[in-house]
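Protein chains in written order, with the numbering used here: chain A, 19 to 202; chain B, 384 to 784. Each residue gets a CB set at the ideal place from its N, CA and C atoms; glycine is no exception. Some notes on the structure that comes next.
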Ligand code: SF4
């Protein structure tokens, strides 16, 4: 049991400190893809905060997805998402990835990324600036940390609740015990 | 080797060496590629159809998003088509600003390509260098248009943004810095032995094949075909700008690299010429919302080659038909020929060498069987064109291919 917890902790720590991303274009105009790659190159350099672009979905923690989902990429996107190992997160880059944007009316487009897979962070903009992408990754990491905190807090809260409940139950039983006495 | 030794490797649509979704089924015999099947269409969004339900002004923004890299080339072609149908002439200054932006776009696109190509052959240092320098161009474009990717400089009847004196100075400074860097690239292309031996003889498309498959842009120019719309059929400000067509005779990936690097220098010269000769005057003219009925074809030289837009109007403020033939679409045809006979390890760089743009390419063509259709081969199509012009009293047979 402790081993499992330890591994879980290690994974959480790793994801937080050095998340690996994979990039997929689901039907974008290319603008946001270029900006995504751009944020990995010297001017913005996401790599300095430990973020690395990966080729295989099986090695990645974060799916950075651009573009409105076209009918032909739809199944591929689901496949890639399923191939990623847990815990996994999705960032939708660009207005058309968020909602379908300018391509919303097109007959071959199903809509934003969230029409197919769950999305954690939305980054609107047409095209998104690299600063926004960096901020999105930052937000996601914060969310991760907070989620952990929340989990702990929740556990604590649950414990407290349990305690109070048992205490209450005790009181109740005591009261119940008292009641018949009164009646008698 | 026997045919049962063949194995087929699917590449894509998600693959480390592809930034966009495309699929390639590569059949190998040992390490040699014996068959390649190219599958595109993952990026098909149905833009042409959507354009038929929106007004011209709305369409301008959709057409810009055919491709994020050569958005200006598409925007310019579309605007020129509308202006031609409406019969308006745009101010000289607007034409020059369009040319400046087009050349800046070519610069950033070629730098981007150079980086990606170097990344494909494992030369990541160069990738980082070129992308760092690309930021200089993007800064100018962001200053000029307000956006780094889809600048939206064009408007129907002219341009939306002006280049003022300060701006001219900033551009000049950035160009000086870029020129230094480009010299460095030229030096690398001519002297770096690892780069040369890695790229020479890879993905060959000979002069004859390039003509046969109808290659355009740097792919054709690397095979010694001096084909450049800016020179062959000058439009806008290019009627006055001296453009030197860069060609090479290597006809392989190395040739394409050299052509693109030298074209960057040429682009810098063109921008300087434009800034020196920037005419005064208004930025745009008014174009009526309803465009007179008619049809037209516009050719524009995009960074990847000849970009063709067809527009048919029915007299309302909504186009009847919009058709985009992006340069990559023309270059795909030779791809199979380039891949076959090469090695598996050369596949990524060969694909990258035509600078493919999937979002540009993925237009749908419906071929209805049963209905009466006219199918032309290359020669037949040429003959049809000749006859068509002859009927209208123009003899083009004197032109050579
Ligand atoms: S949000 Fe805009 S720039 Fe980004 S991929 Fe979509 S259309 Fe292109």
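Of all C-beta pairs linking the segment 771-780 of chain B to the segment 472-492 of chain B, fewer than three are shorter than 8 Å, placing the two stretches out of contact. A distance below 7 Å between beta-carbons, with the five flanking residues on each side excluded, links residue 471 of chain B to the following residues of its chain, in chain order: 540, 668, 670. Residues are counted here when their Cβ sits less than 9 Å from a Cβ of chain B; for the segment 38-53 of chain A these are 40, 41, 42, 43, 44, 45, 46, 47, 48, 49, 50, 51, 52, 53, given in chain order.
Between residue 696 of chain B and residue 674 of chain B the beta-carbon gap is near 4 Å, inside 8 Å, which marks them as a contact. At least 7 Å separates the CB of residue 647 of chain B from every CB of chain A. Remark: C-beta atoms of residue 456 of chain B and residue 690 of chain B approach each other more closely than 7 Å. One finds nothing in chain B with a Cβ atom closer than 7 Å to the Cβ of residue 135 of chain A; even the nearest lies about 14 Å away. Residues of chain A with a Cβ closer than 7 Å to the Cβ of residue 433 of chain B are, in chain order, 123, 124.
The beta carbon of residue 83 of chain A sits no closer than 6 Å to any heavy atom of ligand 1. Residues of chain B whose Cβ lies closer than 9 Å to the Cβ of residue 115 of chain A do not exist; the shortest such Cβ separation is about 13 Å. Within the DSSP bridge table, the entry for residue 538 of chain B names B:541 as partners. As the crow flies, the alpha-carbon of residue 163 of chain A is around 29 Å from that of residue 86 of chain A.
Listed by position along chain A, the residues whose Cβ is nearer than 7 Å to that of residue 518 of chain B are 61. The closest CA to that of residue 161 of chain A, considering only A:34, A:28, A:21, is found on A:34. Out of B:412, B:606, B:646, the CA that lies nearest to the CA of residue 629 of chain B is found in B:646. Here residue 389 of chain B is exposed. Its C-beta has fewer than 16 other C-beta atoms within 10 Å. From the listed residues B:742, B:758, B:764, B:771, the smallest Cα separation to residue 50 of chain A is found for B:742. Residue contact check for residue 712 of chain B against chain A: no CB pair falls below 7 Å. Counted as a single uninterrupted DSSP element, the stretch harbouring residue 471 of chain B is not any beta strand (DSSP E), since DSSP gives it neither H nor E.
In this structure, ligand 1 has a non-hydrogen atom nearer than 6 Å to the beta-carbon of residue 46 of chain A.
Take residue 708 of chain B, set aside five residues on each side of it, and the residues of its chain with a beta-carbon closer than 6 Å to its own are 691, in chain order. Judged by the Cβ position, residue 525 of chain B fails to qualify as a neighbour of ligand 1 at the 6 Å threshold, every heavy atom of the ligand being at least this far. For the segment 87-112 of chain A, the beta-carbon criterion of a distance under 7 Å to any beta-carbon of chain B is satisfied by 88, 90, 91, 94, 98.
In the DSSP assignment, the residues bridged to residue 693 of chain B are B:680, B:706. Residue 426 of chain B counts as buried, since no fewer than 16 other beta carbons sit within 10 angstroms of its beta carbon.
Each residue's CA atom was taken as its position, placing residue 465 of chain B and residue 634 of chain B some 37 Å apart. What residue 740 of chain B touches in chain A, judged by beta-carbon distance under 8 Å, is 48, going in chain order.
For residue 413 of chain B, the distance from the CB to the nearest heavy atom of ligand 1 is not below 6 Å. Of the other Cβ atoms in all chains shown, fewer than 16 fall within 10 Å of the Cβ of residue 775 of chain B; this residue is therefore exposed.
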